[in-house]
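Novice: In the numbering used here, the protein residues as written are -18 to 551.
1) Please give me, in chain order, every unbroken run of the beta strand (DSSP E) with length at least 3 that falls completely inside the stretch 176 to 264.
2) Rounded to a whole number of angstroms, what is the C-alpha to C-alpha distance between residue 156 and residue -8?
3) Please work out which residues of its chain come closer than 6 angstroms, Cβ to Cβ, to residue 71, disregarding the five sequence neighbours upstream and downstream, and give them in chain order.
4) For the stretch 202 to 213 and the stretch 407 to 422, state whether three or more C-beta atom pairs, one from each stretch, are separated by less than 8 angstroms.
5) Between the stretch 119 to 127 and the stretch 138 to 145, do at least 3 Cβ pairs fall closer than 8 angstroms?
6) Between which two residues does the alpha helix (DSSP H) harbouring residue 77 extend?
7) When DSSP builds the beta bridges, which residues end up paired with residue 267?
8) Considering residue 311, what are the terminal residues of the alpha helix (DSSP H) in which it resides?
9) Using C-beta distances below 6 angstroms, list every residue in its chain close to residue 397, excluding the 5 sequence neighbours before and after it, in chain order.
10) So, is residue 551 buried or exposed, given that buried needs 16 or more other C-beta atoms within 10 angstroms?
11) Would you kindly work out how many angstroms separate the C-alpha atoms of residue 278 and residue 307, rounded to a whole number?
12) Is it right to say residue 487 is buried, meaning 16 or more other beta carbons lie within 10 angstroms of its own, or is it exposed?
13) Kindly indicate if chain D contains any beta-carbon less than 9 angstroms away from that of residue 331.
14) Can you check which of these residues, 527, 419 and 385, is closest to residue 553 by C-alpha distance?
15) Quick check on the DSSP output: the beta strand (DSSP E) that includes residue 93 runs from which residue to which?
16) So, with DSSP's three-state summary, where would you put residue 272?
17) With distances taken Cα to Cα, identify the nearest neighbour of residue 221 among 114, 178 and 290.
18) What do you get for residue 343, buried or exposed, if any count of 16 or more other CB atoms within 10 angstroms of its CB means buried?
19) For the ligand SAM, is there any heavy atom lying closer than 8 angstroms to the beta carbon of residue 212?
20) Helix, strand or coil: which one does DSSP assign to residue 68?
21) Buried or exposed, going by whether 16 or more other CB atoms sit within 10 Å of the CB of residue 516?
22) Taking its Cβ as the centre, do 16 or more other Cβ atoms sit within 10 Å of residue 539, making it buried, or is it exposed?
23) Checking the sheet assignment: what are the DSSP bridge partners for residue 83?
Now the structure itself:
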């Protein structure tokens, strides 16, 4: 019943609560629900619980939105909150102070108006100046509030602007400025409310310049635009002489080890697709790629800036000469160019590099943990894990060994579910609206697996399930590489949950002792394995090793468990 409740909760949260209510409203409604249950179970204090229930319920409707605004006001004192709402992709806010509007996504400002950052002139103008005749442009990432305005200064015929969240566009329409109104009303702008990679996969359009303005990827949603496979799609949508430009944070004087690793991985990935790479280092670094040489002399860019009658504040002719000096690019490439594996769909290495960089900014200890794991040989870890697990299963009595096997099942189930979610997000883009369904499918599979075991009662069922899980881990990689439809991922999640439910039910049936003690110990083992799997796999193993090697680890662990339990009769 607990698992069925989880299924209902995941579906309700994913398709209703998270889309309609604020977080504080959800918390208060959950409190009211639990207080109602307490009133039913404890009749002596029922009146007290019901009073609290009546306080929490209306508060969720009447006061929670105001509480959210108070929290935002506390974070940004002195600002007037014009709007604060949730979209299917995050929280959106508009603040105002002394005539300036600040647009926030998940609490972080991404545009300030009417005076936008003049540094955006560099990533918007340099790639188009390097192209002799840019007529068609694709912009992926933040566009409204300055970037599109700068692009429109060129003699372009069409600009496709890919913005995943339509509420961001609506936000600018509800709080217009002369700048954003001009951007939205220009007939050359075509809004594409979709993920940038998805647009390229479904469109036949080809472009002179493709701009990615998302920064380094710290999540799979962004990373899917920075992989070898994604750059191949971009290359296929570039016209002859077309240019890809990636806008990133950087430095013109010093690069730490983390930034070096990030740029090395990105440049190595681009070199796997494009013949020519050019870097313009700075606090805002540009990495450009093309099928043709990009060695455009500064004098030619200055001439094009003059011919196109483009007025800029920061990107002056002197600045162009400085930015494109060979010494600056030579220093940068000397710092970052060495052998680096590419960033792939099945191995999101750039996410690991970005998390290491962010960890170094906030906590040196976190930096040591993330960077310290990288030198270890994965094959050595496979051997150590297999040997250690086999030794434990051989030395412990079989009934106690089952607790270890259940812990491994928790690790297997959590890591396997993370792999399914990772691959779904890589294949289809944003996973926000699907994650509740994927988790529900896992939990529903656990329920069905437990009931199925009670009905079938297969002899030596635990060992058989261990072997089946080892085989499934190896097959899962082949299934995911084939690019199954979205609904098939629900089936994969259900199978993973089914294995967990099958094993848990079987293990509970063979153990001796009180039901509460057995259930509690098995549940603890399962949760501990899941906790280790979520922390280790989600942050380290999946980004650093990749999907394939993680599945090999799962197959080895369950294969060893199958071998150890099969060889023991008692």
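In this text, a Cβ means the ideal position worked out from N, Cα and C, and glycines have one as well.
If you're wondering where the values come from, they're calculated on a predicted model, not measured in any experiment.
Specialist: From the atom records:
1) Unbroken beta strand (DSSP E) stretches of 3 residues or longer found wholly inside the stretch 176 to 264: 188 to 194, 219 to 230 and 257 to 261, given in chain order.
2) Numbered from 1 along the chain shown, position 175 holds the residue referred to as residue 156. Numbered from 1 along the chain shown, position 11 holds the residue referred to as residue -8. Cα to Cα, the separation comes out at about 34 angstroms.
3) Here residue 71 is taken as the residue at index 90 of the chain shown, counted from 1. If we look at residue 71 and ignore the five residues flanking it on each side, its Cβ neighbours are 86 and 87.
4) yes
5) yes
6) The sequence position of residue 77 within the chain shown is 96, counting from 1. Where residue 77 is concerned, there is no enclosing alpha helix (DSSP H), although the beta strand (DSSP E) it sits in stretches over 71 to 78.
7) For the purposes of this step, residue 267 is taken as the residue at position 286 of the chain shown. In the DSSP output, where bridge partners are listed per residue, residue 267 has 228 and 261.
8) By one-based count along the chain shown, residue 311 stands at place 330. Residue 311 -> alpha helix (DSSP H) spans 307 to 317.
9) What you label residue 397 is simply residue 416 of the chain shown in a count that begins at 1. So the qualifying residues of the chain are 477.
10) Here residue 551 corresponds to residue number 570 of the chain shown, with the count starting at 1. Confidence is the limiting factor: at residue 551 the pLDDT is only 44, short of 50, which leaves the residue's position unreliable, though a coordinate-based value still follows. Exposed: under 16 other Cβ atoms inside 10 Å.
11) Here the question's residue 278 lines up with position 297 in the chain shown. Here the question's residue 307 lines up with position 326 in the chain shown. Using only the alpha carbons, I get a separation of about 10 angstroms.
12) Counting from 1 along the chain shown, the entry for residue 487 is found at position 506. Classification for residue 487: buried.
13) No chain D appears in this structure, which consists of one protein chain only.
14) Here the chain has residues from -18 to 551 only, and residue 553 is not among them.
15) The sequence position of residue 93 within the chain shown is 112, counting from 1. Its beta strand (DSSP E) spans residues 89 to 94.
16) Taking the chain shown and counting its residues from 1, one reaches residue 272 at position 291. Coil.
17) In the chain shown, the residue the question calls residue 221 occupies position 240. Check the Cα spacing between residue 221 and each of 114, 178 and 290: the tightest is with 114.
18) Along the chain shown, read from residue 1 onward, the residue named residue 343 stands at position 362. Its Cβ having fewer than 16 others within 10 Å, residue 343 is exposed.
19) Absence of the ligand SAM from the depicted structure is noted, as is the absence of any ligand whatsoever, leaving it without description.
20) Position 87 of the chain shown, counted from the start, is the residue given in the question as residue 68. In this structure, residue 68 counts as strand in the three-state DSSP scheme.
21) Counted from its first residue, the chain shown places residue 516 at position 535. Classification of residue 516: exposed, given that the 10 Å Cβ count is below 16.
22) The residue labelled residue 539 in the question sits at position 558 within the chain shown. Residue 539 should be labelled buried.
23) Position 102 of the chain shown, counted from the first residue, corresponds to residue 83. DSSP, once it has assigned bridges, lists 76 and 93 as partnering residue 83.
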